[in-house]
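K.L.:
According to the working numbering, the sequence shown holds residues 3 to 241 in order.
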Amino acid sequence: EASCKLLYIDAVAKLLKMWLNLIALCCCISATSISANQIIQHLKHFHQPEFQLYICRIIMMVPIYSVQSYVSYNFPEFGVFLDTVRDCYEAYVLYIFLSLLINYLGGESVIVLHFEMLGRIPHPWPLKDFLRPITADRNFFRFVKKGVLQFVFVKPICAVAALFLEGFDLYGGGRFDPSKGFMYVVVLTNTSVWIAMYSLVLFYLATEKRLAPFRPLAKFLCIKAVIFFSFWQSTILAA
3 EASCKLLYID AVAKLLKMWL NLIALCCCIS ATSISANQII QHLKHFHQPE
53 FQLYICRIIM MVPIYSVQSY VSYNFPEFGV FLDTVRDCYE AYVLYIFLSL
103 LINYLGGESV IVLHFEMLGR IPHPWPLKDF LRPITADRNF FRFVKKGVLQ
153 FVFVKPICAV AALFLEGFDL YGGGRFDPSK GFMYVVVLTN TSVWIAMYSL
203 VLFYLATEKR LAPFRPLAKF LCIKAVIFFS FWQSTILAA
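Here it is in structure tokens:
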């Protein structure tokens, strides 16, 4: 009787895994097909290359994430290698998004002039109740760019460090063990993500009215959600 129960449980587990794999494959194919179609449409109607080139690079994040997730699900032993590729492109996309916003606004010189005319901007809620408003000027623009660019360097470095530590069995993925590298990589990456996202939030608050015709809020929220959710999802699942 006990052996029959074990066989039944094993059969159910295999069936469930098969269905989950099928669902993951369908989602991967759907996401890749939809994003590929969007990229093709942009290239067919390439009337604003200064914007569309950046948009196509951002859309490429979808198939990269989809394929990486599906392959990692079926071949966990390659997960850390695929995560490195994903993380590098994730950092690149954040930089591309900032570049897209700068192009929307007419270039860096136009943005600096706008900031100097704007004066001071408050921090987003709830920090505005505790922190003084920020002076929007050339230094503020440099601060925003540095806040985003640090993530472009920190994220790939952390990804390569994780890959290196994994090779020497020093990474300890999912374990918050001070003797392993996973805890330090997570803390450093999370700090870098928050700095980058907060810099983009400040930039958006300072340029919200000028960016309104381009409706970038949805793009910003999608990128923010993908980066944050993928980071915490991988951290929680690893734990």
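By construction, the Cβ of each residue, glycine as well, lies at the ideal position given by its N, Cα and C atoms. Since this is a predicted model, take the numbers as computed values, not measurements.
(1) Can you give me the start and stop residues for the alpha helix (DSSP H) that R88 sits inside?
(2) Between the stretch 162–171 and the stretch 124–139, are three or more C-beta pairs nearer than 8 Å?
(3) Straight-line CA distance for P126 to P218?
(4) Quick one: what's got a C-beta closer than 7 Å to E52's C-beta in the same chain, skipping five residues either side?
(5) Let me know the secondary structure DSSP gives G109 once reduced to three states.
(6) Kindly identify the DSSP beta-bridge partner or partners of G121.
(7) Check this for me: beta carbons of I60 and F99, under 9 Å apart or not?
(8) Round the Cβ separation of C6 and S68 to the nearest angstrom and send it over; I've been treating them as touching at under 8 Å.
(9) Tell me which residue opens and which closes the alpha helix (DSSP H) that R59 is part of.
(10) Spell out a yes or no on whether the stretch 142–149 and the stretch 195–205 are touching, meaning 3 or more CB-CB pairs, one atom from each, closer than 8 Å.
P.N.:
So, from the data block:
(1) Against the sequence shown, residue 88 aligns to sequence position 86. Residues G81 to Y106.
(2) no
(3) Reading the sequence shown from its first residue, position 124 is the one you call residue 126. Reading the sequence shown from its first residue, position 216 is the one you call residue 218. Answer to the nearest angstrom: the Cα atoms are 18 Å apart.
(4) Position 50 of the sequence shown, counted from the start, is the residue given in the question as residue 52. Once the five neighbours on either side are set aside, the close Cβ partners of E52 are N105.
(5) Looking up residue 109 in the sequence shown gives position 107. Note: G109 maps to coil in three-state DSSP.
(6) In the sequence shown, residue 121 corresponds to position 119, counting from 1. Partner(s): A138.
(7) Indexing the sequence shown from 1 puts residue 60 at position 58. Indexing the sequence shown from 1 puts residue 99 at position 97. Yes, Cβ-Cβ distance for I60 and F99 is below 9 Å.
(8) For this step, residue 6 is matched to residue 4 along the sequence shown. For this step, residue 68 is matched to residue 66 along the sequence shown. About 39 Å; that fails the 8 Å criterion.
(9) For the purposes of this step, residue 59 is taken as residue 57 along the sequence shown, with counting starting at 1. Here the alpha helix (DSSP H) through R59 covers P51 to I61.
(10) Yes: the two stretches touch, three or more of their Cβ pairs being nearer than 8 Å.
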